[in-house]
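Residue numbers (the numbering used here): 8 to 335.
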């Protein structure tokens, strides 16, 4: 009797198994033992796109960890700031700012806009990646013909020179507003608590003085590249309108550091501005122009890769990131 029961149970199990397989479902009972290892790597830090007849590449010097935004942005109550950040799904205590440097190949010249922090680690250990990012993008530093700087702050001019005194871009000519050069290389003008800014300017700009061309407001100083003075963040802070094949892109440097906190209420002030009120007025003026003309922008500190449009929204503006296209 016991044997008959066992045979019947075995037959039923086989019948059920066959029915399951016949129905297209295999019930695997073996545990998954082969766990994949963590890779702990990321994609190369560059993004390439067409701008008219030019080829543009965004490369990164790595993100800056600004820490608590309440310490750096003023003119908003803590409650207002927290609401802006929360409404835009951004953290309240850790403002991360990218460093999106732009390289434009016009066909005649290879132009780099801003150079990052170099070896300085004032905002965390994730910066200082520009030279690696350039090589990942297939761009040799020796092939850079022009280094264009929006201003002389440490995170924009800090990568011109290596720590051993060698030039990172040995064949380049350098472009910056004279007001910025004169200010940040003069220790008597730089506030004491900004001493590292003077030291960085002396390390990176002063050795290249004979290669520097001072640019003026409204000047097309390279073919298709026009400077537009937007002072306040620094005395000579400049943005750049880049035109090629009927297309335009505005490289806005530090016109606005944050896609929300300096946009929804653009008269908000930023701690590293030389003249915060003038900076706010420049921000409103230039963003109004870009919004009215629907000109795309590239923001140095916005989330990677920092390309998008700005539109009017109430008394301020809203940033609309452009989708990345992996087709050239």
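Ideal Cβ positions, reconstructed from N, Cα and C, are used throughout, including at glycine.
> So, is residue 156 buried or exposed, given that buried needs 16 or more other C-beta atoms within 10 angstroms?
Replying inline: When all chains shown are included, residue 156 counts as buried.
> Between residue 1 and residue 266, what straight-line distance do the alpha-carbon atoms span, to the nearest angstrom?
Replying inline: What the structure shows of the chain is the stretch from 8 to 335, and residue 1 is not part of that stretch, so it cannot be assessed.
>> Below 8 Å on the Cβ atoms is my contact criterion, and I expect residue 100 with residue 134 to pass it. Report the Cβ-Cβ distance as a whole number of Å.
In response: Your pair residue 100 and residue 134 does not check out as a contact, with CB atoms roughly 20 Å apart and the cut at 8 Å.
> In terms of residue numbering, what span does the beta strand (DSSP E) encompassing residue 246 cover?
Replying inline: Taken as a continuous stretch (DSSP letters only), the beta strand (DSSP E) holding residue 246 covers 245 to 251.
> Touch check for the stretch 215 to 226 and the stretch 178 to 190: three-plus C-beta pairs under 8 Å?
Replying inline: Per the Cβ contact rule, the stretch 215 to 226 is in contact with the stretch 178 to 190 (3 or more Cβ pairs under 8 Å).
>> Just checking residue 151 against the ligand GDP - is the residue's beta carbon closer than 7 Å to any of the ligand's heavy atoms?
In response: No copy of the ligand GDP appears in this structure; indeed no ligand is present at all.
> Hey, how far is the Cα of residue 44 from the Cα of residue 299?
Replying inline: Approximately 50 Å, taken between the alpha carbons.
> Between which two residues does the beta strand (DSSP E) harbouring residue 257 extend?
Replying inline: Residue 257: member of the beta strand (DSSP E) spanning 254 to 258, first to last residue.
>> Please give the ranges of any alpha helix (DSSP H) in the stretch 170 to 219, keeping only runs that are unbroken, at least 4 residues long and fully inside the region.
In response: Fully enclosed alpha helix (DSSP H) runs of 4 or longer: 185 to 191 and 202 to 211.
> By how many angstroms is the C-alpha of residue 170 removed from the C-alpha of residue 125?
Replying inline: C-alpha separation (whole angstroms): 8 Å.
>> In this structure, how does DSSP classify residue 237 when only helix, strand and coil are distinguished?
In response: Three-state result, residue 237: coil.
> Exposed or buried, which one is residue 29 when buried takes at least 16 other CB atoms within 10 Å?
Replying inline: Note on residue 29: pLDDT 47, under 50, position unreliable in the model; the coordinate value appears next. Residue 29 is exposed by the Cβ-count criterion.
> So residue 332 and residue 56 are in contact, right, with Cβ under 8 Å, and what is the actual spacing, rounded?
Replying inline: Indeed they touch by this definition, with Cβ atoms about 7 Å apart.
> If you compare alpha carbons, which of 132, 121 and 116 is closest to residue 151?
Replying inline: Considering only alpha carbons, the answer is 116.
>> On a Cα-Cα basis, can you pick out the residue from 260, 111, 137 and 302 that is closest to residue 316?
In response: Ranked by how close their Cα comes to the Cα of residue 316, the residues 260, 111, 137 and 302 have 302 in first place.
>> Suppose you measure from the CA of residue 142 to the CA of residue 75; what does that come to, to the nearest Å?
In response: Whole-angstrom Cα-Cα distance: 33 Å.
> Roughly how many angstroms lie between the CA atoms of residue 94 and residue 295, to the nearest whole one?
Replying inline: Each residue's alpha carbon lies about 23 Å from the other.
>> Using a 10 Å radius around the Cβ and a threshold of 16 neighbouring Cβ atoms, would you call residue 46 buried or exposed?
In response: Note on residue 46: under 16 other CB atoms within 10 angstroms of its CB, so exposed under the neighbour-count rule.
>> Between residue 241 and residue 281, how many whole angstroms is the CB-CB distance? I'm expecting something under 8 Å.
In response: That belief holds up - the Cβ atoms of residue 241 and residue 281 are roughly 5 Å apart, short of 8 Å.
>> Under DSSP, the alpha helix (DSSP H) around residue 159 begins and ends at which residues?
In response: Neither: residue 159 is in no alpha helix (DSSP H) and is coded neither H nor E.
> Where does residue 136 land, buried or exposed, given buried means 16+ other C-beta within 10 angstroms?
Replying inline: The residue in question, residue 136, is buried, as its Cβ has 16 or more Cβ neighbours within 10 Å.
>> I'd like the ranges of any beta strand (DSSP E) spanning at least 3 consecutive residues and lying wholly in the stretch 261 to 326.
In response: Complete beta strand (DSSP E) runs here, min 3: 314 to 320.
> Taking the C-alpha atoms as reference points, what is the distance between residue 287 and residue 328?
Replying inline: Rounded to whole angstroms, residue 287 to residue 328 spans 22 Å at the Cα level.
>> With three or more beta-carbon pairs closer than 8 Å as the criterion, would you say the stretch 219 to 228 touches the stretch 267 to 279?
In response: Counting Cβ pairs under 8 Å, fewer than three are found: no touch.
> So what's residue 83 in DSSP terms, helix, strand or just coil?
Replying inline: In the three-state reduction of the DSSP assignment, residue 83 falls in the coil class.
>> Using DSSP's beta-bridge definition, name the partner residues of residue 53.
In response: Answer is 66, bridged to residue 53.
> From 196, 140, 232 and 70, pick the residue whose C-alpha is nearest to that of residue 249; which is it?
Replying inline: Ranking 196, 140, 232 and 70 by Cα distance to residue 249 puts 232 first.
> By Cβ distance, which residues of its chain are closer than 7 Å to residue 66, with the 5 residues on each side in sequence left out?
Replying inline: Cβ neighbours of residue 66 beyond the five flanking positions: 52, 53, 108, 110, 137, 140, 141 and 144.
>> Buried or exposed for residue 96, going by 16 or more other Cβ atoms inside 10 Å?
In response: Residue 96 is exposed by the Cβ-count criterion.
> Going by alpha carbons, who is nearest to residue 261 out of 319, 289 and 252?
Replying inline: Looking at the Cα atoms, 289 is the closest of the given residues.
>> Am I right that residue 103 and residue 73 are in contact with their C-beta atoms under 8 Å? What's the rounded C-beta distance?
In response: Cβ-Cβ separation between residue 103 and residue 73: approximately 7 Å, consistent with a contact (criterion under 8 Å).
>> My output table needs one value for residue 88: the three-state DSSP class, helix, strand or coil.
In response: Residue state, collapsed to three classes: helix.
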